[in-house]
Amino acid sequence: MASCLCCTKPIAGAGRYHPRCLKELFGSPRVPAIPFGLADLPAQVLKTGAHMSISGVQIKASVRLDPEKTQLEVVAAGGTHVLKPEPQQFPALPQIENLCMSMAADMGLPVPAHGLFPMADGGLCYIVARFDRVKEERLQNETMFQILQATEKYAGSLERIGKAIHTHAANVGLDTIDFFERVLFCFLTGNGDMHLKNWALLVRGKKIGLAPCYDLVCSNVYLPQETDSALTLCGKNDKLERSDFATLAAQLKIDAKAAGDIFEKFRHAQEQMRETIGRAELTIHLKQKLDDVIKSRYKRLYEEGAAIPAARNP
Ligand SMILES: Nc1ncnc2c1ncn2[C@@H]1O[C@H](COP(=O)(O)OP(=O)(O)OP(=O)(O)O)[C@@H](O)[C@H]1O
Ligand SMILES: [Mg+2]
Numbered sequence: 023m024a025s026c027l028c029c030t031k032p033i034a035g036a037g038r039y040h041p042r043c044l045k046e047l048f049g050s051p052r053v054p055a056i057p058f059g060l061a062d063l064p065a066q067v068l069k070t071g072a073h074m075s076i077s078g079v080q081i082k083a084s085v086r087l088d089p090e091k092t093q094l095e096v097v098a099a100g101g102t103h104v105l106k107p108e109p110q111q112f113p114a115l116p117q118i119e120n121l122c123m124s125m126a127a128d129m130g131l132p133v134p135a136h137g138l139f140p141m142a143d144g145g146l147c148y149i150v151a152r153f154d155r156v157k158e159e160r161l162q163n164e165t166m167f168q169i170l171q172a173t174e175k176y177a178g179s180l181e182r183i184g185k186a187i188h189t190h191a192a193n194v195g196l197d198t199i200d201f202f203e204r205v206l207f208c209f210l211t212g213n214g215d216m217h218l219k220n221w222a223l224l225v226r227g228k229k230i231g232l233a234p235c236y237d238l239v240c241s242n243v244y245l246p247q248e249t250d251s252a253l254t255l256c257g258k259n260d261k262l263e264r265s266d267f268a269t270l271a272a273q274l275k276i277d278a279k280a281a282g283d284i285f286e287k288f289r290h291a292q293e294q295m296r297e298t299i300g301r302a303e304l305t306i307h308l309k310q311k312l313d314d315v316i317k318s319r320y321k322r323l324y325e326e327g328a329a330i331p332a333a334r335n336p
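Letter by letter, the sequence shown follows residues 23 to 336 of my numbering.
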């Protein structure tokens, strides 16, 4: 059975998308055409007068449906979606990002509508709905890089993000749990690239809260030597153990019972994650690599020294 190129869940019959997933993403069950390919994208972006938005290694564009609502166009302002094509250095990155976002959504994490779509050159790109747009209005979104007045996106700690959430969030209880769950999710899915610009606070009306998930990628499949975490936890960013995560939960003031329940919820999610990988739009080789990463992370978190350790004092 095929799987939906948006949510990665099984799909009955013909077609590659659940109509409801397309509707959620574009407001209509039609697949929009993308009249440009990877090689055309820099020119498309420059044509709009926008700055070339290359952050890190990946080119991306802000897009929206054209007035006829049949195809996507690159725009400098008023974009409703972010489009990320496949970078030459990281084959199948759109597919891996789409898969990781789907797995995060399955865990109940806040994930904007997203999917994989063919560009004019046949390559698949990843498209995600902008969470900083509500109708015509643009919401203020500040990354932790800005909030913490950092000078280097890899120089920071998860604890400092936790403190910033405590300082600014309207609903500290919910956001600290959300943050803690994402930290666990990233460890379990081999994501070592959650630097300060991949966490943000969003202002919704008068309420400040953790912005929805973005840029969730199993970077470990491309960079197997990468450290466990882009940011430090308990003063280190590698060889993380369950006790380090338990210490983070305590520092976030998540009570021990709630933290234990979260660890258990993730423990039970392994099978579902591995099934989702099995359905993803990836080569057998990449599926195997991802499966190996997840298996080994689960082993580290739940089997090696799996007795629940007491949290160290934050
Ligand atoms: N769905 C979204 N809605 C609104 N803004 C978004 C969304 N996804 C990403 N962004 C913004 O765009 C920026 C870049 O996005 P993203 O992190 O996905 O790209 P990237 O090129 O993979 O980044 P990097 O390699 O630098 O980590 C983010 O810092 C975030 O502020
Ligand atoms: Mg990023």
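Quick reminder that beta carbons are idealized off the backbone N, C-alpha and C, glycines included.
Not one heavy atom of ligand 2 lies closer than 7 angstroms to the C-beta of K321. Distances from the CB of N163 to the heavy atoms of ligand 1 include at least one below 7 angstroms.
Counting every other CB atom within 10 Å of its CB across the protein chains shown gives R301 a total of 16 or more, marking it as buried.
Of L170, D283, G212, the smallest CA-CA separation from P246 is found for G212. Closest by C-alpha distance to M129, out of M295, L308, K321, D62, is M295.
A distance criterion of 7 angstroms places the beta-carbon of F48 beyond contact range of ligand 1, judged by its closest non-hydrogen atom. Taking a 10 Å sphere around the C-beta of A99, we find fewer than 16 other C-beta atoms and assign the residue as exposed. Contact between the segment 82-93 and the segment 160-177 is absent: fewer than three C-beta pairs spanning the two stretches fall below 8 angstroms. Taking every protein chain shown into account, the CB of L223 has 16 or more other CB atoms within 10 angstroms, so this residue is buried. Chain-ordered, the residues whose CB falls short of 6 angstroms from any heavy atom of ligand 2 come out as K219, N220, D237. Spanning the alpha carbons of H290 and E203 requires a straight line of approximately 14 angstroms. Under the three-state reduction of DSSP, G300 is assigned to helix.
Counted as a single uninterrupted DSSP element, the alpha helix (DSSP H) harbouring A281 occupies residues 278-289. The Cβ atoms of A252 and G214 sit closer than 8 angstroms to each other. Here A233 has F153, N163, A222, L223, L224 as same chain residues with Cβ atoms under 7 angstroms from its own Cβ, once five neighbours each way along the sequence are excluded. With 16 or more neighbouring CB atoms inside 10 Å of its own CB, D266 falls in the buried class. If the five residues before and after D237 are omitted, its C-beta is found closer than 6 angstroms to the C-beta atoms of N220, all from its own chain and listed in chain order.
If you check the CB distance, T198 and L274 come in under 8 angstroms.
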